[in-house]
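S.K.: Can you read through this structure? Questions will come right after.
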Ligand code: PEP
Ligand code: MN
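In our numbering, the protein residues as written are 64 to 428.
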């Protein structure tokens, strides 16, 4: 009988090494983490689906008794990743309390179904990481597969670990917070934690990402911690020692949830934080769009090409209006926004032209 509840505490903090490597490393790391008194669930990867062959793919079944040992020593529930039905079978035999489906597995409906079928009838808790690609339907589909085999909503949870995106960015994975909010809308009240370790890819970003998750009202965090991070067999750059974890967790300020009228205030604060995050994303993207527009100005200047190309602008307006009016945005709103963007683009391009001493033009396409 698995008596642990995902909703037993808020925030719920999950921590442990990316991988169980040796018995000593696993047990030492997990007991040190437990000694901080800040962590509620211990994690370690036993089976590791990796992007590149030749990377450490996990110690396998042999590591399960190490997790059990850590559980006995600390009294804390333990979590591990499963990618096949056989993994589930083994994990359940050893009494693992929480299973999670990794980002490379959530993308594959056959694998998710196989795991769901193996979980059927047990009371194990299941956390589902977002898929590598930014597709909410795949993530939601995985949740629905577990619901269909009878896993109770309160025994299911979500882990937001960021999405892989082409191109360079600060973090290893793009946050795309709005996709996590979308999941929260689809599954109201479902337990959801943030995994800043896999978003960040580097330990120096963990604190800021963890605080952001607290600000955005996540139910908790999953953070990777290793007794000797630099020697870790996987994800060495993003792991921190149990002592650093202790400091990090104590430094997070979790939002207050009790007030005179908690429901109202909490709902309002939550929505406002979502709005702020959307604004941050909108204006970051707008600024990047303007940079590209300016580059177009330079290319045209270098080639001595006139930049007034109203047919191109008209085609942008037509495309945006026809595509996004289906999203509940009025034509008038779309045209107003586009006009403002156009004016700013023209100003940027004019600056390029005058800075270079050329004749002024207009464009922003
Ligand atoms: C992990 O948690 O160690 C892991 C492999 O995560 P993800 O599936 O998010 O890459
Ligand atoms: Mn990892």
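Ideal Cβ positions, reconstructed from N, Cα and C, are used throughout, including at glycine. Keep in mind it's a predicted model, so treat the numbers as computed, not measured.
State the Cα-Cα distance for the pair residue 217 and residue 232, rounded to the nearest angstrom.
M.R.: Cα-Cα distance, rounded: 35 Å.
S.K.: According to DSSP, is residue 356 part of a helix, a strand, or is it coil?
M.R.: Residue 356 falls in the helix class under three-state DSSP.
S.K.: Does the contact criterion of 3 or more C-beta pairs under 8 Å hold for the region 143-158 versus the region 122-135?
M.R.: With a cut-off of 8 Å, the region 122-135 and the region 143-158 count as touching, because enough Cβ pairs lie within range.
S.K.: Quick check on DSSP: helix, strand or coil for residue 148?
M.R.: Correct three-state label for residue 148: helix.
S.K.: Kindly indicate the opening and closing residues of the alpha helix (DSSP H) around residue 63.
M.R.: Since the first residue of the chain shown is 64 and the last is 428, residue 63 is not available in this structure.
S.K.: Closer than 6 Å to a non-hydrogen atom of the ligand PEP - does that hold for the CB of residue 61?
M.R.: Because residue 61 is not part of the residues shown, which for the chain are 64 to 428, the question remains open.
S.K.: Following a CB-centred definition, is residue 81 positioned closer than 6 Å to any heavy atom of the ligand MN?
M.R.: Yes - the ligand MN has a heavy atom lying nearer than 6 Å to the Cβ of residue 81.
S.K.: Any chance the CB of residue 298 is under 6 Å from a heavy atom of the ligand MN?
M.R.: Yes - the ligand MN has a heavy atom lying nearer than 6 Å to the Cβ of residue 298.
S.K.: Give me the DSSP bridge partner(s) of residue 287.
M.R.: DSSP output for residue 287 lists 79 as bridge partner(s).
S.K.: Using only the heavy atoms of the ligand PEP, determine whether one of them is closer than 6 Å to the beta carbon of residue 228.
M.R.: Checking every heavy atom of the ligand PEP against the Cβ of residue 228, none is found closer than 6 Å.
S.K.: Taking 7 Å as the threshold (C-beta atoms), are residue 176 and residue 208 in contact?
M.R.: In this structure, residue 176 lies closer than 7 Å to residue 208 by Cβ.
S.K.: Would the beta-carbon of residue 161 fall within 7 Å of that of residue 188?
M.R.: Contact flag set, yes.
S.K.: Taking the continuous beta strand (DSSP E) assigned at residue 220, which residues delimit it?
M.R.: Segment 219-223, the beta strand (DSSP E) holding residue 220.
S.K.: Nearest to residue 172 by alpha carbon, out of 198, 64, 184, 403?
M.R.: Comparing Cα positions, the closest option is 198.
S.K.: Hey, residue 137 and residue 93 are a contact pair by Cβ (cut 8 Å); roughly how many whole angstroms apart?
M.R.: The pair is a contact, with the Cβ atoms about 7 Å apart (cut-off 8 Å).
S.K.: Within the present structure, is the beta-carbon of residue 192 separated from the nearest heavy atom of the ligand PEP by less than 6 Å?
M.R.: Yes, the Cβ of residue 192 comes within 6 Å of a heavy atom of the ligand PEP.
S.K.: Could you tell me the distance, in whole angstroms, from the CA atom of residue 369 to the CA atom of residue 416?
M.R.: So the two alpha carbons sit approximately 11 Å from each other.
S.K.: To which residues of the same chain is residue 315 closer than 7 Å at the C-beta, ignoring the five residues directly before and after it?
M.R.: 273, 274, 277, listed in sequence order.
S.K.: Suppose the cutoff is 7 Å on Cβ atoms and the five residues either side in sequence are ignored; what does the same chain contact list for residue 167 look like?
M.R.: Same-chain partners within the cutoff: 112, 195.
S.K.: So the candidates are 288, 326, 353, 338; which of them puts its Cα closest to the Cα of residue 312?
M.R.: It is 288 whose Cα lies nearest to the Cα of residue 312.
S.K.: Alpha carbon to alpha carbon, how far is residue 309 from residue 352?
M.R.: Cα to Cα, the separation comes out at about 41 Å.
S.K.: Would you say residue 276 touches the ligand PEP, meaning its beta carbon is less than 6 Å from a heavy atom?
M.R.: Outside the cutoff, so no.
S.K.: Are the Cβ atoms of residue 281 and residue 262 separated by less than 7 Å?
M.R.: No, they are not a contact pair.
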